[in-house]
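Taking it in order: structure first as structure tokens, then the write-up.
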Amino acid sequence: MITEINLVLSPREASEERFYKPLVANNLKIYASRITGIQILRRSIDARQRNVKMNMRFRVAYDEDFPDLKLSDFSYQDVSDGKKVIVVGAGPAGLFAALRLIELGYCPIVLERGKRVEDRKKDLAAIHKDRIIDPNSNYSFGEGGAGTFSDGKLYTRSKKRGNIKKILEVLHFHGAQEDILIDAHPHIGTDVLPKVIVRIRESIIQAGGEVHFSTKVNHLLISDNKISGVRIESGDEIKAEAVILATGHSARDIYYLLDSQKIAIEAKTFAMGVRIEHSQNLIDQIQYHNPEGRGEYLPAASYSFVQQVDGRGVYSFCMCPGGVIVPAATGDNQQVVNGMSSSRRNTAFANSGMAVEVMEEDLKEFEAYGALAGIKFQEKIEALAFEKGGSDLTAPAQCMSDFVNGVRSSSLPQSSYQPGLKSSALHEWLPKHISYRLQEGFKAFGRKSEGFLTNEAVILAVESRTSSPVRVPRDNKTLQHIQVSGLFPCGEGAGYAGGIVSAAMDGERCVEALHNLLLE
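In our numbering, the protein residues as written are 7 to 526.
Here it is as structure tokens:
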């Protein structure tokens, strides 16, 4: 017989089959010797009470052979003779759009301004060693997009926007660990995700698609409100049936390009703040209600906070347990921080973005720039943070309690941020509508989790690339741009996604909308 059961287990009981098999047998009221196979279907941590529990769902076979596990196999057809579709950007939205194009018989031409993963790693090393930023190859730009060198979080609330299960299966097929098909909050890790991205590229090329690196689009070819292709920096023109614009939220030059070509864009709300870093052991102690930390069987703990302060949301995001903070600027005169962690999440640090909503009323200084006002605001604060850090990618920083109390820190704790920290009175120079709300938000978070508000934690400025401050408007039904047929704004950069999975799903949605239009 084959059946499925749910069990609530201790972390130790859930850690290995030799521990949970007897408990499964007891639940089924059979001898363990009758069980021929057990598969974990779902796993989540419940740390709300002092005794942390694991919620487990198992598929169990007994008194008959356990069936072979059937994992999805994605065999991509040869589309070298198919209709051409340009995909601008090789982040998750662009790559999954390319794979979906192949599934539907189209030949994708992927144009990526940055470099392939193998070469991109060298440019990241130069940022840390020599503090040199290649504007086209950095933590935001290059094969795989900003997610390639990140925690690789795969959790999304956008469950109605696409097939999450398929996205995870495609990633697993291309080399991601099987755990992502099981865990309630799956992640891949920055040590594994680059290999997955390379295999996706190989799938695209083996199917007859094209992937071009160091290829920056600087003009859209439009006639009679219909797009026919793009022009790249070399001056060459590439023609296609349609263009999927999946450039990510940091590709500011694309927004300027659209604006210069009188292609409609619009301002949207976004968020800005800081990145905060605690010791991972402290977060483990707080989240697992245990002065000894997480122990042998629990993973590095994470957290999620949200608080309303004077009508604005203050919230944590992109929390990286056992991770590091990295310099995420994409050009000169910018100081930007972000977080990442490996699949093992095994550093001594825990970091998270802490952001405040930015509204139109905050951008009056830049209202002359219209839809680009949010970008101008970001650029101003990033330049100010760069100056406050010493203009060399050193991060301006302040101890958490000192920030809340409005005191410059006389010393700073150890940090994972390699370019280093410089004590700075962030509360004085960050915009008041942000700093005040962060201060009040931190107080609230400290009340919710005793020990969280501490001078052992440090905050680094500035976390400014949380999402795009611009939306590229599209028709709700066709997903085409509202005034340019054949142009499909897609993913985070267009304002329709917020993470790897939601961006990947949006890439697939845009391709399916394109396919439906071409069938008409």
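Note that beta-carbon positions come from the ideal geometry of N, C-alpha and C, so glycine has one too.
If residue i and residue j are in contact, beta carbons under 8 Å, what's the gap, nearest whole angstrom?
i       : j       : result
Pro-98  : Ala-510 : 4 Å
Val-490 : Asn-231 : 6 Å
Ala-391 : Gln-341 : 4 Å
Gly-380 : Ala-273 : 6 Å
His-225 : Arg-237 : 4 Å
Ala-5   : Arg-471 : The displayed coordinates of the chain run from 7 to 526. Any statement about residue 5 would go beyond what the structure contains.
Leu-29  : Leu-15  : 7 Å
Glu-283 : Ser-422 : 7 Å
Thr-154 : Ile-203 : 6 Å
Tyr-375 : Lys-382 : 5 Å
Over the uninterrupted beta strand (DSSP E) stretch that includes residue i, give me the two end residues.
i       : result
Met-7   : Note, Met-7: premise wrong, no beta strand (DSSP E); not H, not E.
Leu-466 : 464 to 469
Val-249 : 248 to 251
Ile-108 : Careful: Ile-108 lies outside any beta strand (DSSP E), inside the alpha helix (DSSP H) at 98 to 109.
Ile-244 : 243 to 245
Glu-216 : 216 to 218
Taking DSSP's pairing of strands, which residues face residue i in a bridge?
i       : result
Tyr-68  : Ile-41
Gly-345 : Ile-331
Tyr-321 : Val-312, Ala-361
Pro-114 : Val-91
Ser-143 : Asp-140
Gln-404 : Ile-465
Leu-226 : Val-236
Ser-491 : Lys-232
Asp-189 : Arg-49
Just to confirm my understanding: we take residue i, look at its own chain, exclude 5 residues before and 5 after, and list those with CB closer than 7 Å. What are they?
i       : result
Asp-140 : Asp-129
Gly-504 : Ser-473, Glu-498
Ala-213 : Tyr-82, Gln-83, Asp-84, Val-85, Ile-108
Val-315 : Arg-443, Glu-446, Gly-447
Gln-538 : Absent from the model: residue 538. The displayed extent of the chain is 7 to 526, so no value can be given.
Lys-27  : Ala-38, Ile-41, Ile-44
Ser-78  : Glu-175, Phe-179
Please list, in chain order, all residues of the same chain as residue i whose beta carbon is under 6 Å from its beta carbon, the five residues on each side excluded.
i       : result
Asn-144 : Thr-336
Asn-142 : Arg-119, Gly-120
Gly-195 : Gly-158, Ser-348, Ser-349
Asp-189 : Arg-49
Lys-428 : Gly-395, Gly-396, Thr-400, Pro-402
Please tell me whether, using a cut-off of 6 Å, the distance from the CB of residue i to the nearest non-hydrogen atom of the ligand COA is below it.
i       : result
His-284 : No copy of the ligand COA occurs in the structure displayed, which carries no ligand at all.
Which same chain residues, not among the five before or five after residue i, have their C-beta less than 8 Å away from its C-beta?
i       : result
Ile-186 : Leu-160, Leu-174, Leu-177, His-178, Pro-192, His-193, Ile-194
Asn-33  : Ile-11, Leu-13
Gly-426 : Thr-400, Ala-401
Pro-327 : Gln-286, Ile-289, Pro-305, Ala-306, Ala-307, Ser-308, Ser-347, Arg-351, Ala-356
Which residue comes first and which comes last in the alpha helix (DSSP H) that contains residue i?
i       : result
Leu-160 : Leu-160 -> no alpha helix (DSSP H), and no H or E assigned at all.
Ser-429 : Not the alpha helix (DSSP H): Ser-429 falls in the beta strand (DSSP E), residues 427 to 429.
His-134 : 123 to 136
Asn-287 : 286 to 293
Leu-523 : 506 to 525
Contact the segment 353 to 364 vs the segment 274 to 283: 3+ CB pairs below 8 Å: yes
Any 3 or more C-beta pairs closer than 8 Å across the segment 104 to 115 and the segment 208 to 218: yes
Three-pair Cβ contact test at 8 Å for the segment 399 to 417 versus the segment 462 to 477: yes
The segment 16 to 24 in contact with the segment 56 to 67 per 3-pair CB rule at 8 Å: yes
Stretch-stretch touch, CB-based, cutoff 8 Å, three pairs: the segment 260 to 278 with the segment 286 to 296: no
Contact the segment 441 to 448 vs the segment 316 to 325: 3+ CB pairs below 8 Å: yes
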